[in-house]
Amino acid sequence: MLLFADEASSSIWRLLFEPWTHGIMQRALAEVALLGLVGGALGCWIVLYELSYSAESLAHAMFPGLVVAALWGLPLMLGAGLGVTIAAVTIALFGRIPEIGRDTSVSVVISALFGLGVVLAFSPASPPRLQELLFGDILGVSTVDLVRGASITVLVLAVSVLLHRQLLVVGFDRTTARSLGASPTLVDVTLLVLVALTTIVAVQGLGNLLVVAVLVGPSATARLTTRRISSMMALAAFLAFVAGTLGLYLSYYAGTAAGASIAGATVVLYLLVFIAQGATSPNESLSKDVLQTRSPK
Amino acid sequence: MTADASNGVLAEASGLSASYGGPVVLEDVAFQVEPGMRIGVLGPNGGGKSTLFRVLLGELPLSRGEVAVKARCGVVPQTERSRLDYPVSALDVALMGTLSRLPWWKRPGRDERRRALEALEVVGLGELANDQFGELSGGQRQRVLVARALVQDARLLLLDEPFSGLDKQSAARLSSLLRDLATEGRGILISTHDIEQARRWDLVLCLNRRQIAFGKPAETLTRAVIEATYGGEIVVVEGGDSGSVTAVLPPHHHEES
Chain A
1 MLLFADEASS
11 SIWRLLFEPW
21 THGIMQRALA
31 EVALLGLVGG
41 ALGCWIVLYE
51 LSYSAESLAH
61 AMFPGLVVAA
71 LWGLPLMLGA
81 GLGVTIAAVT
91 IALFGRIPEI
101 GRDTSVSVVI
111 SALFGLGVVL
121 AFSPASPPRL
131 QELLFGDILG
141 VSTVDLVRGA
151 SITVLVLAVS
161 VLLHRQLLVV
171 GFDRTTARSL
181 GASPTLVDVT
191 LLVLVALTTI
201 VAVQGLGNLL
211 VVAVLVGPSA
221 TARLTTRRIS
231 SMMALAAFLA
241 FVAGTLGLYL
251 SYYAGTAAGA
261 SIAGATVVLY
271 LLVFIAQGAT
281 SPNESLSKDV
291 LQTRSPK
Chain B
298 MTADASNGVL
308 AEASGLSASY
318 GGPVVLEDVA
328 FQVEPGMRIG
338 VLGPNGGGKS
348 TLFRVLLGEL
358 PLSRGEVAVK
368 ARCGVVPQTE
378 RSRLDYPVSA
388 LDVALMGTLS
398 RLPWWKRPGR
408 DERRRALEAL
418 EVVGLGELAN
428 DQFGELSGGQ
438 RQRVLVARAL
448 VQDARLLLLD
458 EPFSGLDKQS
468 AARLSSLLRD
478 LATEGRGILI
488 STHDIEQARR
498 WDLVLCLNRR
508 QIAFGKPAET
518 LTRAVIEATY
528 GGEIVVVEGG
538 DSGSVTAVLP
548 PHHHEES
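Chains A and B, in that order, give the protein sequences. Mapping the first sequence onto the numbering used here, position 217 (from 1) lands on 217, and the numbers just tick up by one. For the numbering used here, add 297 to where a residue sits in the second sequence, where the first one is 1.
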C-alpha cells in the first residue's frame, strides 16, 4: 500500500517536473515570469485607467512592423518598436484634424495598420514566422530574447515605481490632480510609452492577438479580490505566473498552442475567482458593480 | 499643521475676467480672502464658481484684471468625482497631499504617514484611516478630502459644493470642522447654489457670469442680489424653520409649455 502511494507520488512529481528539464520549457517559464512581473505592475494601471482597449489597439497597430521585421529578418522587437512609433505618430497627426477627432483617428489608424500588416503577411513573400507574429511563440524564446525582455521589464518596473504616486493621484481624480502637484499629461504619456514597451515584451511570447490576455486578465482578476493597489499588483503578477505555468503544462501534455493555452488559463482563473467571490459575498460583488458603473471616466 | 493667522490677505482679486479661450465666462470679480474667513461662493450652475476656483489654482489664465494668491491652495472636490471603486484607504487618500511636498520619486515615509494620520484625527476619522475610501459615507469621504488638503498644508481651502448630498448630522459635523479650520487662520471658500447655506458663512460672493455682490450675508443677500444672481424671480413661501422659504424661479418660466 505504502509502496503504491510512493509510486503514485513519485509519478506525480515526475509529471510536474519533467517539462522543466527541457531548455525550451525553462526559457518559456522565464518568459512567463517576466510577463507576470511587467503585466502585474502595469496591467493594474491599465485596468484602473480603463486603458484595456488602448492596450489592445497598440498591440494590433504594431502588426505591420512585426511583419516587415520578419520579412527582412530583423529582430521582432525592433519591428514592434517601429510599428508602435509609426502608429502613435499617425494617431497624433490624424487626431489633430478637428473633423476627424481622436477617437475616430485611433480606430481608423489601428484598423488600417492591422490591415496593412495582414496584406504584407499574405504577400507572396509571406514571412515564415507569420503564426508566431499573430499568436506568439513562447516555446521559441531564445536566451537573447529573454535578456532583451528582462531589460525592458526592469526599465518598465523602475519607471512605474518612480511614477507610482503620480499615477495613483491622477487615476483617483484627474480634475484635482494638478492642484496636488501631479501632471496628468506626463502621467498619460508615460503610461502609454510603458504600455507600448510592455506590449513589445509580451508580443514575443503571446503574439499580436493574445497579448492583451496577459496585460489585462490577471490585473482584472486581482481587482476582484484586493483592496489596495500594492496587493492588487502582487496578486496580478502571481496570477499571471500561475496562468502562464498552467498554460505551459497544458501545452506540454495536451499538445495545444502555448500562447493560446496561457490566454485560456488566464480567462479560466478570472472566471473561477469571479464565481468564488460571487458565491461567498453576493451583496458585496453587487455593490462593487454598482460602484463601477457609477465611477466617472 | 497649524496655519499662521497673523499674516495678511491670503488671496485677492480685482477686475478679474476669465474665459476658456472663447467668450468671457466670468468678469469683474473683486474680493479678498483674509485668514479666518469662510466665504460662500454663491451662484447657479454655470455661474462661474468652478471657473473662479480654477483661476485661483492657476489652472486658467486671466483674460483681464489681477489675482494674487499668497497661500497654498487645497481643493476639496465633490466626492462623486473621485473613483469610489479605486483600491485606496482613507490614509492613502490623505497621503496624496504629500505629493507636492516630497521630491516626485520619493515615497512617503514615517513622517508623512504621521502627518496624514494627524490630519485624519483633526477631521475626526483617525479610527477609519485604514478603511476603504469608497466604502465611507459621503460626509466621511468629504472629510478625508479635507484631511488631504490639510496634509498639503493648504492655508486656502476651496470646497466645491461640500454639503450636497450630506445628511443633517454629517453637514453639522462638516460645518463645525470648517469653523475650527477657520479659527486656525485658514481662509475657506465654499461654493454652493444654496442661499440658506450661504447665509451661514462670514462673507458671501455672488456670481452669475460676473460678480453680483460681495459682503456679509445679512447685508448682501437682498432680494435684488439674489434675483440677479439667479437671473430669476423670488417667490417667498411662509413657514419653515426661519419663518419663510425662499424659492427662485428661473427666468421666462412662464414660457415653458
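Note that the Cβ used here is the ideal one computed from N, Cα and C, for glycine as well.
Please report the straight-line C-alpha distance between residue i and residue j, rounded to a whole angstrom.
i	j	result
Ser434 (chain B)	Glu424 (chain B)	14 angstroms
Ala310 (chain B)	Leu463 (chain B)	31 angstroms
Ser160 (chain A)	Val385 (chain B)	17 angstroms
Ala150 (chain A)	Leu29 (chain A)	13 angstroms
Val38 (chain A)	Gln466 (chain B)	47 angstroms
Leu291 (chain A)	Val147 (chain A)	Caution applies to Leu291 (chain A), whose pLDDT of 42 falls short of 50 and renders its modelled position unreliable; the value that the coordinates give is listed next. Cα to Cα, Leu291 (chain A) sits roughly 42 angstroms from Val147 (chain A).
Arg294 (chain A)	Asp173 (chain A)	With a pLDDT of 39 at Arg294 (chain A), under the threshold of 50, the predicted position of this residue should be treated as unreliable, though the coordinate-derived value follows. Cα to Cα, Arg294 (chain A) sits roughly 14 angstroms from Asp173 (chain A).
Glu481 (chain B)	Ile487 (chain B)	17 angstroms
Gly136 (chain A)	Pro400 (chain B)	41 angstroms
Ile229 (chain A)	Trp45 (chain A)	9 angstroms
Val118 (chain A)	Leu58 (chain A)	16 angstroms
Arg351 (chain B)	Val366 (chain B)	12 angstroms
Glu132 (chain A)	Leu272 (chain A)	29 angstroms
Glu356 (chain B)	Arg178 (chain A)	8 angstroms
Leu381 (chain B)	Gln277 (chain A)	19 angstroms
Leu235 (chain A)	Leu139 (chain A)	25 angstroms
Which same chain residues, not among the five before or five after residue i, have their C-beta less than 7 angstroms away from its C-beta?
i	result
Pro19 (chain A)	Met25, Leu248, Tyr249, Tyr252
Val47 (chain A)	Val216, Ser219, Ala220, Arg223
Ala451 (chain B)	Arg369, Cys370, Gly371
Ile91 (chain A)	Ser105, Val106, Val109
Ser360 (chain B)	Ser314, Ala315, Ser316, Val321
Phe241 (chain A)	Val32, Ala33, Gly36
Arg335 (chain B)	Leu475, Ala479, Ile485, Ile487, Trp498, Asp499
According to DSSP, is residue i helix, strand or coil?
i	result
Leu307 (chain B)	coil
Arg335 (chain B)	strand
Ala510 (chain B)	strand
Gly371 (chain B)	strand
Asp464 (chain B)	coil
Leu399 (chain B)	coil
Ala451 (chain B)	coil
Ala125 (chain A)	coil
Thr85 (chain A)	helix
Gly362 (chain B)	strand
Val267 (chain A)	helix
Gly312 (chain B)	strand
Asp325 (chain B)	strand
Ser386 (chain B)	strand
Gly484 (chain B)	strand
Thr256 (chain A)	coil
Asp457 (chain B)	strand
The ligand ADP and residue i: does any heavy atom of the ligand fall closer than 6 angstroms to the residue's C-beta?
i	result
Ala260 (chain A)	Among the components modelled here there is no ligand, and therefore nothing to report on the ligand ADP.
Compare the C-alpha of residue i against each of the options and name the closest.
i	options	result
Ile523 (chain B)	B:Arg404, B:Met393, B:Gly344, B:Ser472	B:Gly344
Ser397 (chain B)	A:Gly181, A:Gly95, A:Ser142, A:Leu197	A:Gly181
Pro333 (chain B)	B:Gly436, B:Ala308, B:Pro400, B:Lys346	In the sequence on display, residue 333 (chain B) carries Gly and not Pro. Of the listed residues, the one whose Cα sits closest to Gly333 (chain B) is B:Ala308.
Gly259 (chain A)	A:Leu269, A:Ser111, A:Gly244	A:Gly244
Ala444 (chain B)	B:Leu354, B:Leu453, B:Tyr383, B:Ala413	B:Ala413
Ala41 (chain A)	A:Thr175, A:Met62, A:Glu56, A:Val154	A:Val154
Ala55 (chain A)	A:Asn208, A:Thr90, A:Gly255	A:Asn208
Ile275 (chain A)	A:Val189, A:Thr225, A:Ser57	A:Thr225
Val169 (chain A)	B:Val364, B:Leu392, B:Leu349, B:Ser316	B:Leu392
Tell me which residues share the same chain as residue i and place their Cβ nearer than 6 angstroms to its Cβ, disregarding the 5 neighbours each side in the sequence.
i	result
Ala468 (chain B)	Phe460
Ala202 (chain A)	Leu35, Val211, Val214
Val306 (chain B)	Gln329, Glu331
Leu354 (chain B)	Cys370
Ala88 (chain A)	none
Leu456 (chain B)	Val373, Ile487
Thr517 (chain B)	Val501, Ala510
Return the chain-ordered list of same chain residues with a C-beta closer than 8 angstroms to the C-beta of residue i, the five sequence neighbours on each side being excluded.
i	result
Arg470 (chain B)	Gly421, Gly436, Arg440
Ile200 (chain A)	Met62, Met77, Ala80, Gly81, Val84, Ile152
Asn505 (chain B)	Gly340, Pro341, Gly344, Gly345, Ala525, Thr526, Tyr527, Gly528
Ser347 (chain B)	Asp457, Ser488
Lys513 (chain B)	Asp499, Leu500, Val501
*At a Cβ cut of 8 angstroms, what residues of the stretch 168-195 of chain A count as close to chain B, listed as they run along the chain?*
Leu168, Val169, Gly171, Phe172, Asp173, Thr175, Thr176, Arg178, Ser179, Leu180, Gly181, Ala182
*Closer than 8 angstroms, Cβ to Cβ, to anything on chain B: give me those residues from the stretch 44-56 of chain A, in chain order.*
Leu48
*Got a sec: which bits of the stretch 361-376 of chain B sit with their beta carbon under 8 angstroms from any beta carbon on chain A, in order along the chain?*
Cys370, Gly371, Val372, Pro374
*Closer than 9 angstroms, Cβ to Cβ, to anything on chain B: give me those residues from the stretch 144-171 of chain A, in chain order.*
Against chain B - using a Cβ distance shorter than 9 angstroms - the residues of the stretch 144-171 of chain A are Val161, Leu162, Leu163, His164, Arg165, Gln166, Leu168, Val169, Gly171.
*At a Cβ cut of 8 angstroms, what residues of the stretch 347-359 of chain B count as close to chain A, listed as they run along the chain?*
If the cut-off is 8 angstroms between Cβ atoms, the stretch 347-359 of chain B has Leu354, Glu356 near chain A.
*Within 7 angstroms of chain B by C-beta, residues of the stretch 83-99 of chain A in sequence order*: none
*What residues from the stretch 473-492 of chain B come within 9 angstroms of chain A, judged by C-beta to C-beta, listed N to C?*
none
*Residues in the stretch 380-392 of chain B with C-beta within 8 angstroms of chain A's C-beta atoms, listed in sequence order?*
Arg380, Leu381, Asp382, Tyr383, Pro384, Val385, Ser386, Asp389, Val390
*asked:* Taking beta-carbon pairs under 7 angstroms, can you tell me which members of the stretch 455-474 of chain B lie near chain A?
replied: none
*Given a limit of 7 angstroms on CB to CB distance, which residues of the stretch 225-251 of chain A reach chain B?*
Thr226, Arg227, Arg228, Ile229, Met232
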